[in-house]
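**Student:** Heads up: the sequence shown begins at 363 in this note's numbering, then just goes up one per residue. Ideal placement from N, C-alpha and C gives every residue a C-beta, glycine not left out. Can you read through this structure? Questions will come right after.
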Amino acid sequence: MKIVVWNLKGGQGKTVLSLSIALLRGSYVVTNDTYSPIEKVLPEGHALQMDPDDDLPQVPDDIELIYDFGGYPDARVIEAVKQADAVLIPIIYESPLEMQVTINALEEVERYTDKIVVIANKCQGDDVEKVREVLGQFYDYPVLEIKKSTAFSKAIEQKKSMRELMESSKLLEFHYKKPLAQLEELLSFITE
């Protein structure tokens, strides 16, 4: 399975989402972001940081791979989108106006695939409904919710999946149950 995680807008939680999935599933991650922490978090050999002039790596279909692209235009995004089984577009809701960059990203990606899932990321209150309302004026892509939680950053800091951390502590089991369920729901949705 190949997954692309991308949005033209920076700061939407792309890398946190990519790393959370990779830690949970043992996936490999490729990034074009020179400041990405993936090589520090993932096991040796599971991360590849591309230089600006590198071609997209050729990866066999039986390897689960996540392309974690930075929030800027890069021709390799389109190449990855064309071969992806799912394209995840994370967005943190701020206002309808702030969503315009995400709408631009959706316009770009949908020219090459319809395997798009919008992730209403770090949601609080009714953020997911607001994202669905704004995007529903233009698209009918599924919008899945990931609520705001320290579970994601804590798992990345520990270089372990949320499931591994839950198994180590009853308190963490309680605290990470809902975030893990949302992540697993997303993964079930894109692998069906």
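Can you name, in chain order, every residue of its own chain whose Cβ lies under 6 Å from the Cβ of I400, other than the five neighbours on each side?
**Tutor:** One-based indexing of the sequence shown puts residue 400 at position 38. Counting only Cβ-Cβ distances below 6 Å, and skipping sequence neighbours, we find V391, T393, A409.
**Student:** Would you mind reading off the limits of the beta strand (DSSP E) that contains L404?
**Tutor:** Here residue 404 refers to the residue found at position 42 of the sequence shown. Unbroken run through L404: none, as it is neither H nor E.
**Student:** Confirm, please, whether the CB-CB distance from V421 to V366 is below 8 Å.
**Tutor:** As a working mapping, residue 366 is identified with position 4 in the sequence shown. As a working mapping, residue 421 is identified with position 59 in the sequence shown. The answer is no: Cβ separation not under 8 Å.
**Student:** Please tell me whether, using a cut-off of 7 Å, the distance from the CB of F551 to the nearest non-hydrogen atom of the ligand SAH is below it.
**Tutor:** Although the ligand SAH was asked about, the structure shown includes no ligands whatsoever.
**Student:** May I ask which residues mark the beginning and end of the alpha helix (DSSP H) holding T377?
**Tutor:** The sequence position of residue 377 within the sequence shown is 15, counting from 1. That run of the alpha helix (DSSP H) goes 376 to 387.
**Student:** Going along the chain, which residues of its own chain have a beta-carbon closer than 7 Å to the beta-carbon of Y501, five neighbours each way excluded?
**Tutor:** Looking up residue 501 in the sequence shown gives position 139. So the qualifying residues of the chain are L468.
**Student:** Excluding the 5 residues preceding and the 5 following M528 in the sequence, name in chain order all residues of the same chain whose CB lies nearer than 8 Å to its CB.
**Tutor:** For this step, residue 528 is matched to residue 166 along the sequence shown. If we look at M528 and ignore the five residues flanking it on each side, its Cβ neighbours are L534, E535, Y538, K539, L542.
**Student:** Alpha helix (DSSP H) containing A359: first to last residue?
**Tutor:** This structure gives no information on residue 359, because the portion of the chain shown stretches from 363 to 554.
**Student:** Suppose you measure from the CA of E470 to the CA of S531; what does that come to, to the nearest Å?
**Tutor:** As a first step, residue 470 must be located in the sequence shown, where it is residue number 108. As a first step, residue 531 must be located in the sequence shown, where it is residue number 169. Taking the straight line joining both Cα atoms gives about 43 Å.
**Student:** In three-state terms, what does DSSP make of K371?
**Tutor:** Looking up residue 371 in the sequence shown gives position 9. Three-state DSSP puts K371 in coil, outside helix and strand.
**Student:** Check each candidate in D413, L459, L379 and name the one with the smallest Cα separation from K510.
**Tutor:** What you label residue 510 is simply residue 148 of the sequence shown in a count that begins at 1. For the set D413, L459, L379, the Cα lying nearest the Cα of K510 is the one of L379.
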